[in-house]
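Enquirer: This is the structure I want to talk about, given as structure tokens.
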Ligand SMILES: *Cc1c(COP(=O)(O)O)cnc(C)c1O
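Residue numbers (the working numbering): 828 to 1659.
Shown next as structure tokens:
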């Protein structure tokens, strides 16, 4: 329901727009709308004053200079009273922008003799986050940690540094990302809770976003923050100025500020003696270095007068924008595709009326298609630009807010950076997650029709009113190729081997695992390189590698490797390696380590940490270096699959006794991957290795018949182990030799050929002991053309590029327990 005053205000704004803001006549301006624009009358008034009144450079006695000085001081007072701030309690310092105000506070903190601690709230703007680089120790706090600080806990109790007696806490009055507001009372409560502590806590409030459409009331100095920064252009449109408001009781932190500039001193002595006396009366006199932007300050006074006349009080602006925000949120929320899925995934929470803080006019969201795939921001922007719609997209200078909205862990952001993502880049969907948001923000001059036009735009271009039939192309037809008579199999286990030839990490059931073109995510991305020969180590020579047990910890962003063997003197039990490409750990020079993996010359990133290399060298008793071979490499930093269909896999020979088949021509080229090989990381031959457990059982039967001891699936170091689904007939042992394609859940894979085996299968993956089996039996039962084969190489076979991406194609995954169907190789081709 529209509050009764909305139509009246809206009509007034519509009229105002006609005369005052012709530049937005044909555009939809939703980026701090209505606040960063210059009103025509304000500009006319400014021009007329500048051309009729003589303003001189302040700081001199001429009448023109005095006129400037008094106009500046009047404006300072007007601005203080705009915030209800008593000049006896506060001083106001003119600065270039809000960021410059933050830097003045940081300057003051930097001059504290024992240094300072810094805590900033997660929703802070980058300009406040950057302050941390100057502090002894800094923390990023979420709502809960701020509350526990207020409740008496000390967030710095684990600080590794010496104790500082000065702490600064910064937060935003309103997030410029999603409009969420944070209580003004935090300042007061925090100080109250720690009043008896020897450490002084100062608070810095960033009111840049909040003040653009709401009234900040500083009339009660006992509850207000010590420092408040503003972007004045976000309130009044013009000029481009900022302000820092300092509570008088906190002014003393600036006493040790070292730098002084023109205009900030009473006297300066140079030459043999060096001495100066800073101006002592007002803080602003000491902080406003150099000539003030006095013309701009005159413009500010004019713009403030215009704003007041045009829009009335900030409370009116506030109630209008609150209404528009709710309308926008509601409109976006109700947009649904034909299948009922939402068009927008919205990060702004709509606030109920009982919520006294409310939500500011910034609505953030991402777009999803009817199949749940994310729309890239670059794509959205192209259309918005064509339609003259001005909205902000991306990370919005709000790193903490974005990370929390998109649930991006710090290591994921670093990984995104290391795979080439930058603010504003085109590759904005990484591993199935967006890297930024779309933000529409409203202001004093936004109107109902702006909101409706934006909702209409989203509806017209991003809502699917009919469902695409690509879904059937991508999935169902392919499924139809698989004979239904073949009872389904199921995924028994999924394993990745992050460090080549070391232990495996079993993917727990219920965890979807990403499939990449190079193989399963995190499989064989690292290897150990022999310091002498430069060759990649393998269990063939170094069976103890099986005892290096990896664990992927995504909460912490770490690959943790535990050594399960007998304790080695001076070797820790485990070592952690960041999943993000941490440049401090690798040799960032041009000197990549040159190595050989399975005959390929490769170039990998070499770790320089003695702790990491020492751990592996001691555990294995071999001098070695850890190296990484991340996805996306080129040239010697990339490798290609070599797997191909073997002759024994051709149908006509499949059921004959090994060794007895007649000479056959090589398989047709179309069946091999040789012409267009896929990329791989450090696996031997192909992206993914699959083993069928019924074949393992058959092999074990042969082993036992020969008097040997059965082996487990793990001996074959497969990525995917398939088994017969309960109650089904499944497929015979070794049927995998004849499969052309495998479908797991909703993902298709292409079989690339049988996997050639060596003695490595004899290393017990639990104990690292080397035995005879299963190689001896395999050599009897599974030898073809003089080579021993077991298991099948595969690669992901994504659906053909279509304009309708689904969630499954944008972020393909498989899971333990998923149903599996297979497609046999076409007999005609095989006999061809
Ligand atoms: C715009 C903005 C800033 C940065 O202000 P500048 O005037 O560009 O320095 C900081 N914080 C918030 C919340 C903002 O909206």
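All residues carry an ideal CB built from backbone N, CA and C; glycine is no exception. It should be emphasised that the depicted structure is a prediction, and the values quoted were computed from it without experimental measurement.
For residue 1393, write down the residues that DSSP places opposite it in a beta bridge.
Expert: Residue 1393 is not bridged to any residue.
Enquirer: Is DSSP giving residue 1207 helix, strand or coil here?
Expert: Three-state result, residue 1207: helix.
Enquirer: How would you write the range of the alpha helix (DSSP H) that residue 893 sits in, first residue to last?
Expert: Note, residue 893: alpha helix (DSSP H), 890-909.
Enquirer: Would you mind reading off the limits of the beta strand (DSSP E) that contains residue 1105?
Expert: Per DSSP, residue 1105 belongs to the beta strand (DSSP E) from 1102-1105.
Enquirer: For residue 1600, which three-state DSSP category applies?
Expert: If DSSP states are grouped into helix, strand and coil, residue 1600 belongs with coil.
Enquirer: Considering only the alpha carbon of each residue, which of 1439, 1329, 1339 lies closest to residue 1321?
Expert: Closest option to residue 1321, Cα to Cα, is 1339.
Enquirer: Once the 5 residues before and after residue 1228 are set aside, which same chain residues still bring their CB inside 6 Å of it?
Expert: Excluding positions up to five away in sequence, the list reads 950, 1002, 1004.
Enquirer: Less than 6 Å between the CB of residue 1220 and some heavy atom of ligand 1, yes or no?
Expert: No; taking the cut-off as 6 Å, the Cβ of residue 1220 has no heavy atom of ligand 1 nearer than that.
Enquirer: In the region 935-965, which residue ranges form an unbroken alpha helix (DSSP H) of at least 4 residues, counting only runs that do not cross its ends?
Expert: The region 935-965 contains these whole alpha helix (DSSP H) runs: 953-956.
Enquirer: Could you name each continuous alpha helix (DSSP H) segment of 4 residues or more that falls completely within the region 1520-1591, going from the start of the chain to the end?
Expert: DSSP runs (the alpha helix (DSSP H)) wholly in the region 1520-1591: 1520-1532.
Enquirer: What is the rounded straight-line gap between the Cα of residue 1571 and the Cα of residue 1176?
Expert: Each residue's Cα considered, the two are about 38 Å apart.
Enquirer: So the candidates are 1504, 1515, 1545, 1513; which of them puts its Cα closest to the Cα of residue 1523?
Expert: Nearest option by C-alpha distance: 1545.
Enquirer: With 7 Å set as the bound, which would you pick, yes or no: does the beta-carbon of residue 1395 sit closer than that to a beta-carbon of chain D?
Expert: Absent from the structure: chain D. Only one protein chain is present.
Enquirer: Can you tell me which of the three DSSP states residue 1370 falls into?
Expert: Three-state result, residue 1370: helix.
Enquirer: If you draw a straight line from the alpha carbon of residue 1631 to that of residue 1218, how long is it in whole angstroms?
Expert: Taking the straight line joining both Cα atoms gives about 25 Å.
Enquirer: Sort 1385, 1271, 973 by Cα distance to residue 1146 and report the nearest one.
Expert: Ranking the options by Cα distance to residue 1146, first place goes to 1271.
Enquirer: State the beta-bridge partners of residue 967 as determined by DSSP.
Expert: BP columns for residue 967 point to 947.
Enquirer: Just the C-alpha distance for residue 1328 and residue 1373, rounded to the nearest angstrom, thanks.
Expert: So the alpha carbons of these two residues sit roughly 7 Å apart.
Enquirer: Give me the Cα-Cα distance between residue 1542 and residue 1592, rounded to the nearest whole angstrom.
Expert: Approximately 6 Å, taken between the alpha carbons.
Enquirer: List the whole-angstrom C-beta distance separating residue 1358 from residue 1452, where the pair is believed to meet the contact cut-off of C-beta under 8 Å.
Expert: So it is a contact: roughly 6 Å between Cβ atoms.
Enquirer: Hey, is residue 1545 close to ligand 1, as in C-beta under 6 Å from one of its heavy atoms?
Expert: Every heavy atom of ligand 1 is 6 Å or more from the Cβ of residue 1545, so no.
Enquirer: Check this for me: beta carbons of residue 1538 and residue 1520, under 7 Å apart or not?
Expert: Going by C-beta atoms, residue 1538 is not nearer than 7 Å to residue 1520.
Enquirer: Decide if residue 1533 is buried, meaning its Cβ has at least 16 other Cβ atoms within 10 Å, or exposed.
Expert: It is exposed - the Cβ of residue 1533 has fewer than 16 other Cβ atoms within 10 Å.
Enquirer: For the beta strand (DSSP E) containing residue 851, name the first residue and the last one.
Expert: Looking at the DSSP string, residue 851 is not in any beta strand (DSSP E), and its letter there is neither H nor E.
Enquirer: Which residue wins for smallest C-alpha separation from residue 1427, given the options 1087, 1467, 1157, 1091?
Expert: Looking at the Cα atoms, 1467 is the closest of the given residues.
Enquirer: Note the first and the last residue of the continuous alpha helix (DSSP H) segment covering residue 1016.
Expert: Taken as a continuous stretch (DSSP letters only), the alpha helix (DSSP H) holding residue 1016 covers 1012-1020.
Enquirer: Inspect the beta-carbon positions of residue 1056 and residue 1071 and report whether they are closer than 7 Å.
Expert: Yes; because the gap between Cβ atoms is below 7 Å, this pair is in contact.
Enquirer: In terms of residue numbering, what span does the beta strand (DSSP E) encompassing residue 995 cover?
Expert: Here the beta strand (DSSP E) through residue 995 covers 993-999.
Enquirer: Leaving out the 5 sequence neighbours to the left and right, which residues in its chain are closer than 7 Å to residue 838 when beta-carbon positions are compared?
Expert: Answer for residue 838: no residue qualifies.
Enquirer: Tell me where the beta strand (DSSP E) around residue 1631 begins and ends.
Expert: Careful: residue 1631 lies outside any beta strand (DSSP E) and carries neither H nor E.
Enquirer: For residue 830, which residues in the same chain have their Cβ closer than 8 Å to its Cβ, ignoring the five residues on either side in sequence?
Expert: Here the set comprises 1146, 1150.
Enquirer: In whole angstroms, what is the alpha-carbon distance linking residue 960 and residue 1034?
Expert: Taking the straight line joining both Cα atoms gives about 22 Å.
Enquirer: Expressed to the nearest angstrom, what Euclidean distance is found between the alpha-carbon atoms of residue 956 and residue 1561?
Expert: Cα to Cα, residue 956 sits roughly 59 Å from residue 1561.
Enquirer: Starting from the C-beta of residue 1304, find all residues in its chain whose C-beta is less than 8 Å away, skip the five residues before and the five after it, and write them out in chain order.
Expert: Any reading at residue 1304 is ruled out, since the residue's pLDDT is 41, under 50, leaving its predicted position unreliable.
Enquirer: To the nearest angstrom, how far is it from the Cα of residue 1638 to the Cα of residue 1258?
Expert: Roughly 6 Å separates the two Cα atoms.
Enquirer: Residue 992 to residue 1192, Cα distance in whole Å?
Expert: Going by the C-alpha atoms only, they are around 41 Å apart.
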